[in-house]
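Written out below as structure tokens is the structure these notes cover.
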Amino acid sequence: MGGMPRSGAGLQSTVDGYHLAFRGEPMAGMAMTMTITITKNGKPVTQFDREQTKLLHFYLIRSDLTGFQHLHPSLAA
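Offset between the sequence shown (1-based) and our numbering: plus 1.
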């Protein structure tokens, strides 16, 4: 997505008008589906630029840096 922010501490849910929201609470040790919604100034973002063959890259990193996941969420309707 052209102009998508690539900076920040990674702990904010809103940066430069973009907002990331989750539906579902992750629980340690449990597999589950999470829904992620990305908005810009209150409107859903649905257009993404392909980066390294994927539309979305999502990184989950433990605060103590002992583990991480690099996921590629699928885009729903």
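C-beta atoms are modelled at their ideal positions from N, C-alpha and C, and glycine is treated no differently.
Leaving out five residues before and five after D65 in sequence, what residues of the same chain have Cβ atoms less than 8 Å from its Cβ? none
Per DSSP, which one or two residues make a beta bridge with R51? Answer by DSSP bridge pairing: none, since R51 is not bridged.
Only counting the same chain, and skipping five residues up and downstream in sequence, which positions put a Cβ closer than 8 Å to that of T40? Y19, H20, A22 and V46
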